[in-house]
Amino acid sequence: MKKSLYTTVLLIALISAAAGDHSDECVYTLYVKTGSIIKAGTDSKISVALGDPQGALFGSQTFNPGA
């Protein structure tokens, strides 16, 4: 289940990055499926860290439950 979730998030992130414009700013849209019930939400914290192939981190965000 975890591998499927990570794969889904990665694919969506890559598609979102490829669809962006050519300015210096990037906008990423992530969809995280936390269960099988539609709009059920989660009480867990969800964190995202983005980096380049060399390992440099260029973005980090923690989303609070219910946000």
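Residues -20 to -1, 1 to 47 (mature numbering (1 follows the signal peptide of the UniProt record, and there is no 0)) are what the sequence shown spells out, left to right. The beta carbon of each residue, even a glycine, is placed where N, CA and C say it ideally should be.
Taking the beta strand (DSSP E) that Ser27 belongs to, which residues open and close that run? 26 to 31
Check each candidate in Val28, Ser40, Gln34 and name the one with the smallest Cα separation from Tyr11. Val28
Please report the straight-line C-alpha distance between Lys19 and Ser40, rounded to a whole angstrom. 25 Å
Taking the DSSP output, what are the residues bridged to Leu37? Gly31
For Thr14, which of Gln34, Ile26, Gly31 has the nearest alpha-carbon? Ile26
Name, in chain order, the residues that DSSP records as bridge partners for Thr42. Ser27
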